[in-house]
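Single-structure report; data block below.
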Amino acid sequence: MELLDLPAWMEAAWPHIAGVLTVLVSVLASAHAVLHKRDVRAAVGWVGVA
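Those letters in the sequence shown? Residues 81 to 130, per the working numbering, in order.
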């Protein structure tokens, strides 16, 4: 694989990139809900959704 063979690299790496992005967005959404919701039950619900 050449250094600039982007399509082949993306084909091999996209599941890992998608997984990392999914986990990152879930963690950020959970942290935001915990830090900004005043109602504890609502915060727990949003963490459960994320």
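Even for Gly, the Cβ is constructed at its ideal location relative to N, Cα and C.
Being a predicted model, the structure only gives us computed values, none of them experimental.
The three-state secondary structure of ARG121, taken from DSSP, is helix. DSSP places ALA109 in the uninterrupted alpha helix (DSSP H) bounded by 86 to 116. The distance from the Cβ of VAL114 to that of VAL129 is about 13 Å, inconsistent with a contact at the 8 Å cut-off. In this structure, the beta-carbon distance from LYS117 to ALA123 falls below 7 Å. Taken atom to atom, the span from the alpha-carbon of GLU91 to that of VAL120 is near 42 Å.
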